[in-house]
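For reference, the structure is listed below as structure tokens.
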Amino acid sequence: MKILSSLLCLLLYSATCLAQDTLNFPHLGEVLKFDDALDAVLPADAKIEVLSSGFEWTEGPVWVPGSPGYLLFSDIPRNSVYRWEEGKGASLFMKPSGYTGVTDYGGEPGCNGLMLDAEGQLVSCEHGDRRISVLTREGGKRTLVDHYQGKRLNSPNDLIFTREGDLFFTDPPYGLPNRWDDPRRELDFCGVYRLRKNGELVLATDEMSRPNGVALSPDEKTLYVAQSDPLAAIWKSFPINADGSLGDSTLLHDATADVNKLPGLPDGM
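Take 1 as the starting number for the sequence shown in the numbering used here and just add one per residue.
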């Protein structure tokens, strides 16, 4: 069986750094290949370039096309979103990004996954405010969803739009200060949801203990979900039915045996 090889290697930069020579980025790390099929996507001699450094914990990179285009990404502990542009480096784009309260809210208050909607507006998964919001062109944020059946979401993590404008997203407990044991948690599961374009929120599946990264196949007939559970570090695929619901899942890859051998857990795709 072919193993889905997903790679996201974006090492991002401090807001205080000066512009860097775009031809002289340092290299770091290595690309681990589990299937030769990756060669059709990524050159065998590909290098990981360090665009920037000095952050606490970066997440959710999204490219904003334009002339020039630029990269947006989250620093979750700093409750900030930064903008990186080639030749200029990075600058603070938005703060606060995921928590607007005044009291301390643990170590992961900021936003996580970022996406652009069909209108080019920034949509973000907010840990601290426990919602998915859109940054409107008129200024300010608008909540897209923050409750399921009257109960607050855990802490939305990652998201992906369909071409029709529906939004799949994951909702593990990582943004809660005490995670699963946090007394503020209202749901007794970690869900994968589909927010329909008309505003209807549907629980797509609750079978995954810690759903994290989420992606669609190019034909949008399959949803892929990563599970960042050290006891079951897996990726699953779900067929998407004609009505938008998910069919029975298939185990795509099990990395549990590698948890103590390699850094990290299944995450973004």
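Every residue, glycine too, gets a C-beta built ideally from N, C-alpha and C. Just so we're clear, the structure is a prediction, and the values are computed from it rather than from any experiment.
Residue span of the beta strand (DSSP E) that contains residue i, given as start and end
i	result
Gln227	222 to 229
Asn112	111 to 116
Thr250	250 to 254
Arg194	191 to 195
Asn168	Correcting the residue type first, residue 168 is Phe in the shown sequence and not Asn. Per DSSP, Phe168 belongs to the beta strand (DSSP E) from 167 to 171.
Asp243	Run containing Asp243: none; DSSP gives neither H nor E here.
Ser74	70 to 75
Thr205	201 to 205
Leu159	159 to 161
Cβ neighbour criterion (16 or more within 10 Å) applied to residue i
i	result
Leu252	buried
Gly113	buried
Gly101	exposed
Thr270	Within the shown structure, residues of the chain are numbered from 1 to 269, placing residue 270 beyond reach of any answer.
Three-state class that DSSP yields for residue i in the structure shown
i	result
Trp63	strand
Arg210	coil
Leu216	strand
Asp270	In the structure as shown, the chain starts at 1 and stops at 269, and residue 270 therefore has no counterpart that could be examined.
Ala15	Note that Ala15 scores a pLDDT of 32, beneath 50, so its modelled location is shaky and nothing firm can be said.
Glu44	Correcting the residue identity first, residue 44 is Ala in this sequence and not Glu. The answer is coil: DSSP assigns Ala44 none of H, G, I, E or B.
Trp57	coil
Gly101	coil
Asn154	coil
Residues bridged to residue i [DSSP beta-bridge criterion]
i	result
Met94	Val81
Glu126	Cys111, Arg131
Arg142	Val134
Trp235	Ala226, His253
Member of the options whose CA lies at the smallest distance from the CA of residue i
i	options	result
Pro156	Pro96, Gln149, Asp129, Gly87	Asp129
Phe73	Pro65, Gly87, Leu201, Leu92	Leu92
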